[in-house]
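Beneath this line is the structure, given in structure tokens, with notes to follow.
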Amino acid sequence: MHITRVGFGAWAIGGGDWAAGWGGQDDSASIAAIRHAVDRGINWIDTAAVYGLGHSEEVVRKALADIPFDERPYVFTKCGLVWDEADHAKMPSRVGAPESITREVEASLKRLGVERIDLYQMHWPAGDGTPLEAYWQTLLDLKAEGKVRAVGLSNHTAEQLQVCESLGHVDTLQPPFSAIRREAGAAELPWCHAHDTGVIVYSPMQSGLLTGHFTHERAKELPANDWRSRASDFAGDKLDRNLRLAAALQPIAAR
Numbered sequence: 021m022h023i024t025r026v027g028f029g030a031w032a033i034g035g036g037d038w039a040a041g042w043g044g045q046d047d048s049a050s051i052a053a054i055r056h057a058v059d060r061g062i063n064w065i066d067t068a069a070v071y072g073l074g075h076s077e078e079v080v081r082k083a084l085a086d087i088p089f090d091e092r093p094y095v096f097t098k099c100g101l102v103w104d105e106a107d108h109a110k111m112p113s114r115v116g117a118p119e120s121i122t123r124e125v126e127a128s129l130k131r132l133g134v135e136r137i138d139l140y141q142m143h144w145p146a147g148d149g150t151p152l153e154a155y156w157q158t159l160l161d162l163k164a165e166g167k168v169r170a171v172g173l174s175n176h177t178a179e180q181l182q183v184c185e186s187l188g189h190v191d192t193l194q195p196p197f198s199a200i201r202r203e204a205g206a207a208e209l210p211w212c213h214a215h216d217t218g219v220i221v222y223s224p225m226q227s228g229l230l231t232g233h234f235t236h237e238r239a240k241e242l243p244a245n246d247w248r249s250r251a252s253d254f255a256g257d258k259l260d261r262n263l264r265l266a267a268a269l270q271p272i273a274a275r
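Residue numbers (the working numbering): 21 to 275.
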């Protein structure tokens, strides 16, 4: 796959009805935004089953419905975060059990309305005791079966990447990376370069802080169902520091 430098991140369009939501969203506006992005040449959408507890994937499906098949963007999604249907406010659990991933991929295929997912990534290292090798082999098996085109990892370390690579190639890594958060540059990005693993970073604008439009006033107005209203980067001394950095980068951005 050859992808554009910029893609469409679909975390926020999941809405605010879950533990890591971005506040209420207008689905029609989200669909229009996706179609605008595709019209402007963006050729991939990055979503996850957990975004909006399935809702983001459903919105993506609706956005793709009227786009001719040969003009559709690649669709990337993720597994490994399982939510409690009885308590949407509860933080999803990190699950790596093979049978869970198998259920998740089928559910994502249905919600997205596609026959094959272009890139399927494990969202976080498992927290249920499932060995790294077990859930990675499950993703490799899904690729061999043709249910997914490529497989990758998100939020994994260079050491974990190496373990997975010994079983089968890691097609992609998706780490957090921005001018504020640069930790992945120390080990993970060099590892990917050395192993021909593609990198798709998430939150390059640090969830709005680096857009040039975020202010202290905006932070105070964040609704309770926007995860940023509870995050340390968006309050107190950290917010002060982050906004100073954003201001310092403005001349570079203007060029």
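Glycine included, each C-beta is placed from N, C-alpha and C at the ideal position.
Does residue i come out as helix, strand or coil in the three-state DSSP assignment?
i: Pro271; result: helix
i: Pro196; result: strand
i: Tyr71; result: coil
i: Trp31; result: coil
i: Val80; result: helix
i: Ile190; result: Reading the sequence as shown, one finds Val at residue 190 and not Ile. Looking at Val190 - three-state DSSP - the assignment turns out to be coil, as it is neither helix nor strand.
i: Ser223; result: coil
i: Ile62; result: coil
i: Trp247; result: helix
i: Arg202; result: coil
i: Val125; result: helix
i: Trp211; result: helix
i: Val183; result: helix
i: Gly218; result: strand
Restricting to Cα atoms, I'd like to know which of the options is closest to residue i.
i: Glu78; options: Trp247, Ala255, Trp64, Val134; result: Val134
i: Ala117; options: Glu153, Ile137, Phe89; result: Glu153
i: Ser76; options: Arg131, Thr24, Arg55; result: Arg131
i: Gly100; options: Ser249, Thr192, Arg238, Thr150; result: Thr150
i: Ile54; options: Ser249, Gly34, Ala69, Phe28; result: Phe28
i: Trp31; options: Leu265, Arg114, Leu209, Gly228; result: Gly228
i: Glu226; options: Arg169, Ala244, Leu265, Glu105; result: Note on residue identity: the sequence assigns Gln, not Glu, to residue 226. Considering only alpha carbons, the answer is Leu265.
i: Gly41; options: Ala83, Lys110, Ile87; result: Lys110
i: Asp138; options: Ile121, Asp47, Arg202, Pro93; result: Pro93
i: Glu119; options: Leu187, Cys184, Asp148; result: Asp148
i: Ile5; options: Arg81, Asp90, Lys167; result: Examination of residue 5 is not possible in this model, given that the chain is present from 21 through 275 alone.
i: His56; options: Glu241, Ile87, Tyr71, Arg248; result: Ile87
i: Ala83; options: Asp47, Ala204, Pro271; result: Asp47
Give me the DSSP bridge partner(s) of residue i.
i: Met142; result: Cys99, Leu173
i: Ser113; result: Val102
i: Tyr94; result: Trp64
i: Ile54; result: Answer is none; Ile54 lacks a bridge partner.
i: Trp42; result: Asp246
i: Val134; result: For Val134, which the question treats as bridged, DSSP gives no partner whatsoever.
Leaving out the 5 sequence neighbours to the left and right, which residues in its chain are closer than 8 angstroms to residue i when beta-carbon positions are compared?
i: Leu269; result: Ala199, Leu230
i: Asn175; result: His143, Trp144, Pro145, Gln194, Pro195, Pro196
i: Ser252; result: Lys258
Please classify residue i: is it buried, with 16 or more other beta-carbons within 10 angstroms of its beta-carbon, or exposed?
i: His233; result: exposed
i: Gly172; result: buried
i: Phe254; result: buried
i: Asp246; result: buried
i: Phe96; result: buried
i: Arg292; result: The structure shown does not extend to residue 292, since the chain is modelled only from 21 to 275, so the question has no answer here.
i: Gln182; result: exposed
i: Lys163; result: buried
i: Lys98; result: buried
i: Pro243; result: exposed
i: Thr158; result: buried
i: Glu124; result: buried
i: Arg202; result: exposed
i: Ile65; result: buried
Among residues of its own chain, excluding the 5 on either side of residue i, which ones have a beta-carbon nearer than 6 angstroms to its beta-carbon?
i: Ile33; result: Gln45, Ser50, Ser76, Val79
i: Tyr222; result: Gln194, Pro196
By Cβ distance below 7 angstroms, which residues in the same chain neighbour residue i in space, the five residues on each side in sequence not counted?
i: Glu185; result: His215
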